[in-house]
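Colleague:
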Amino acid sequence: MPRVSSDQLEARRRQILDGARACFARHGYEGATVRRLEQTTGMSRGAIFHYFRDKQALFLAIAAQDARVMAEVVAEQGLVQVMRELLSSPDSRPAGWTGTYLETARKARTDPTFRESWQAYSAELTGATRARLERQAASGALRPDVDLTVLTQYLELVLEGLVSHLAMGLPAGDLGRVLDVVEQSVRRAGAPADV
């Protein structure tokens with residue numbers, strides 16, 4: 005029997021994650037049945053669950069991967085940039101980011117086991133946001149009259165509201181301009197934009 009290389013194993017794992025992300029984003033957690041997961045990944049149930057213990061482990065892997073990508077964007081460009089990317093292309097970066105984020109929030113609210121597993125990844129995004137704000141504050145770019153903890157929570161609430169808005173299919177309209185206001189609201193007057 006031919007051996008499968010580690011590159012091939014990683015490619016299969018990525019294929020499962022990419023297909024499952026699209027499936028969860030389109031059908032929600034409950035609607036992403038094993039049959040649908042097989043169809044969107046192009047893999048059998050045995051292959052899928054060879055890589056992931058169960059559906060929840062698969063979903064958590066996707067949510068964790070998305071949280072890491074979001075944290076990278078936050079570290080480089082700020083949380084408002086994450087929101088701008090969601091707004092410009094809600095079904096991409098990676099595919100289904102908005103739907104997966106919303107399903108993550110819903111599952112964390114209703115499933116204590118998932119919430120406990122998710123907290124470390126959620127903390128990673130919060131930590132990246134806080135670190136970015138600390139750097140911005142040190143450079144004099146942030147308004148000095150609001151505590152960084154409050155600014156972090158404020159930006160996270162705006163993100164959650166934007167995701168809910170997009171996930172409900174509501175019109176995006178002037179939300180880009182709304183994000184301009186959000187950015188301006190945390191900056192020191194006259195400071196450049198990039199929170």
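Following this note's numbering, the numbering of the sequence shown begins with 5 at its first residue and continues without gaps.
Beta carbons: idealized from backbone N, C-alpha and C, even for Gly.
Remember, predicted model here, so these are calculated numbers, not experimental data.
#1: Any heavy atom of the ligand SAH inside 7 Å of the beta-carbon of residue 56?
#2: Pick from 56, 118, 139: whose alpha carbon is nearest that of residue 156?
#3: Output the boundary residues of the alpha helix (DSSP H) element that contains residue 70.
#4: I'd like to know whether the C-beta atoms of residue 146 and residue 192 end up nearer to each other than 8 Å.
#5: Rounded to whole angstroms, what's the CA-CA distance from residue 91 to residue 53? Just pull it up for me.
#6: Helix, strand or coil for residue 7 per DSSP?
#7: Using 8 Å for Cβ pairs, my map puts residue 74 next to residue 137. What's the rounded Cβ distance?
#8: If you measure between the beta carbons of residue 25 and residue 38, is that distance less than 8 Å?
#9: Just confirm the distance between the C-beta atoms of residue 33 and residue 107, as a whole number of angstroms; I'd bet it's less than 8 Å.
#10: Leaving out five residues before and five after residue 45 in sequence, what residues of the same chain have Cβ atoms less than 7 Å from its Cβ?
Modeller: With the structure as the only source:
#1: Ligands displayed in this structure: none; no statement on the ligand SAH is therefore possible.
#2: 139
#3: 59-81
#4: yes
#5: 33 Å
#6: coil
#7: Not quite, the Cβ-Cβ distance comes to about 15 Å (not below 8 Å), so this is no contact.
#8: no
#9: 5 Å
#10: 19, 20, 23, 24, 52
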